[in-house]
Amino acid sequence: MKQGMQFWRRNIDLRDLVGWSVFIIIVLMTCLVWAHLHRVIEENARKRFHEVAVMQRDVLINRMKDYEQVLLGAAGLFASSEFVDRREWREYVDSLRLHLTLPGIQGVGYSQMISARDKSAHEAKIRAEGFPNYAISPPGERDVYSSIIYLEPFSGRNLRAFGFDMYSETVRRTAMQRAASTGEPAWSGKVTLVQEDGQGKTQPGFLVYVPIYAKNKPLRTAEERDAALLGFVYAPFRASDMLEQLYENPGRVFELQLYAGEALATNVLYETNETPLNAIFTLDLPIEIGGSHWTARFLSN
32 MKQGMQFWRR NIDLRDLVGW SVFIIIVLMT CLVWAHLHRV IEENARKRFH
82 EVAVMQRDVL INRMKDYEQV LLGAAGLFAS SEFVDRREWR EYVDSLRLHL
132 TLPGIQGVGY SQMISARDKS AHEAKIRAEG FPNYAISPPG ERDVYSSIIY
182 LEPFSGRNLR AFGFDMYSET VRRTAMQRAA STGEPAWSGK VTLVQEDGQG
232 KTQPGFLVYV PIYAKNKPLR TAEERDAALL GFVYAPFRAS DMLEQLYENP
282 GRVFELQLYA GEALATNVLY ETNETPLNAI FTLDLPIEIG GSHWTARFLS
332 N
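Heads up: the sequence shown begins at 32 in this note's numbering, then just goes up one per residue.
Written as structure tokens, this is what we have:
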């Protein structure tokens, strides 16, 4: 009887051991299957996020190239005319209807290069055109000046830029020199536009330049192009005004941080969300345009 009880208990213990073993194996297999599925789902999500980020980066680059084409067209106006006056410039820019076709652009302007010896004569000429208070700013003696003489629309914020010497400021001058030497559009780094009036939130800005050269001058080398330089057609941008047109979509599956240069806090041009995110995926994509290196950081939201 005692031996029978022991045998029965051993059978029960063996069945318990087998049952628990089967249960543990099932749990382990379930965990392995779940981990595999989790990895597959995460990898698929990562690939999809990468595809979306690349697509959105390319959308931005294409928009930037559209703005370049506007300036190349404006440069063509100078190339096809003996002289572009203020009225002709206004009519040309008005005909582009940029507020409908490419919203976000602050304006389209022309900045003339002026030697130190010609500065006084230049200021007198512009004053005679009906602008008695015109003067190149900031004041001071420099070897060479530039001055914004045309900027449309010539109203509101843009009036603050009239006569401004962009060549006097390092970031702008770097882009202008690159444009002059290469003959290609050049994008600047991060700046504060002179259009900022202190009313409301000041936005980071940037500019694009296309050089204008004297006709019938050789342009084969950088030195020849620099010698033939007359000025620049250019466009200033308030970063948020431009980029909100592309990215202010409440249904987007990403957040964007755009940097003029490396991904440093000092280089931030635009953020879709200023609140810190604990993003699952983060991807930095380079933007190479107009001789400038920018960084588009995409974060999953």
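Think of the CB as a built atom: it goes at the ideal place given N, C-alpha and C, for glycine as much as any other residue.
Please state the DSSP three-state secondary structure of Asp315. strand
Output the distance between the C-alpha atoms of Asp174 and Ser199, rounded to the nearest integer angstrom. 10 Å
May I have a chain-ordered list of the alpha helix (DSSP H) segments no shorter than 4 residues that lie completely inside the region 126-176? 129-132, 150-159
Contact belief for Gln143 with Ser112 at Cβ below 8 Å, rounded distance in angstroms: So it is not a contact: roughly 15 Å between Cβ atoms.
Local Cβ density within 10 Å of Ile57, reported as buried at 16 or more and exposed below that: exposed
Do three or more CB pairs link the region 179-193 to the region 116-127 at distances below 8 Å? yes
What residue range is occupied by the uninterrupted beta strand (DSSP E) comprising Tyr244? 236-244
Contact check, Pro216 vs Gly140, beta carbons under 7 Å: no
Output the boundary residues of the alpha helix (DSSP H) element that contains Ser271. 270-278
So, with DSSP's three-state summary, where would you put Gly104? helix
Exposure label - Leu289; buried when at least 16 CB within 10 Å: buried
By alpha-carbon positions, which one of Leu250, Asp315, Gly220, Arg188 ends up nearest to Thr213? Leu250
Taking DSSP as the reference, what is the three-state secondary structure of Arg283? coil
Between the beta-carbon of Gly135 and the beta-carbon of Asp272, is there less than 7 Å? yes
Could you tell me if Arg118 is buried or exposed, where buried requires 16 or more neighbouring beta carbons within 10 angstroms of its beta carbon? exposed
When burial is assigned at 16 or more other CB atoms within 10 Å of the CB, is Gly282 buried or exposed? exposed
Does DSSP put Phe38 in a helix, a strand or coil? The pLDDT assigned to Phe38 is 49, lower than 50, so where the model puts this residue is not dependable; a value taken from the coordinates is nonetheless given after this. Helix, per DSSP.
Between Pro170 and Glu279, what straight-line distance do the alpha-carbon atoms span, to the nearest angstrom? 40 Å
Leu295 versus Thr326, Glu319, Arg269, residue with shortest Cα-Cα distance: Thr326
So what's Phe80 in DSSP terms, helix, strand or just coil? helix
Excluding the five sequence neighbours on either side, which residues of its own chain have a C-beta within less than 7 Å of the C-beta of Arg203, listed in chain order? Met197, Ser219, Val222, Leu238
Helix, strand or coil at Ala211 according to DSSP, with G and I counted as helix: helix
Test item: CB-CB of Val264 and Ala105 under 7 Å: yes
Can you say whether Phe38 is buried or exposed, counting buried as having 16 or more other CB atoms within 10 angstroms of its CB? Any reading at Phe38 must be qualified, since the residue scores a pLDDT of 49, below 50, and its modelled position is unreliable; no value is offered.
Under a three-way DSSP split, which group does Gly262 fall into? strand
Less than 8 Å between the CB atoms is what I'm expecting for Ser331 and Phe285, so what's the real figure, rounded? 6 Å
Could you compute how far the alpha carbon of Gln230 sits from the alpha carbon of Arg188? 11 Å
In this structure, how does DSSP classify Gln226 when only helix, strand and coil are distinguished? coil
Start and end of the beta strand (DSSP E) containing Thr219? What sits at residue 219 in the sequence shown is Ser, not Thr. Where Ser219 is concerned, there is no enclosing beta strand (DSSP E), given that its DSSP letter is neither H nor E.
Using a Cβ-Cβ cut-off of 6 Å (strictly less than) and excluding sequence neighbours within five positions of Ala245, which residues of its own chain qualify? Ala259, Leu261
Only counting the same chain, and skipping five residues up and downstream in sequence, which positions put a Cβ closer than 6 Å to that of Gln234? Arg269, Ala270, Ser271
Can you tell me whether Phe114 is buried or exposed? The criterion is at least 16 other CB atoms within 10 Å of its CB, across all chains shown. exposed
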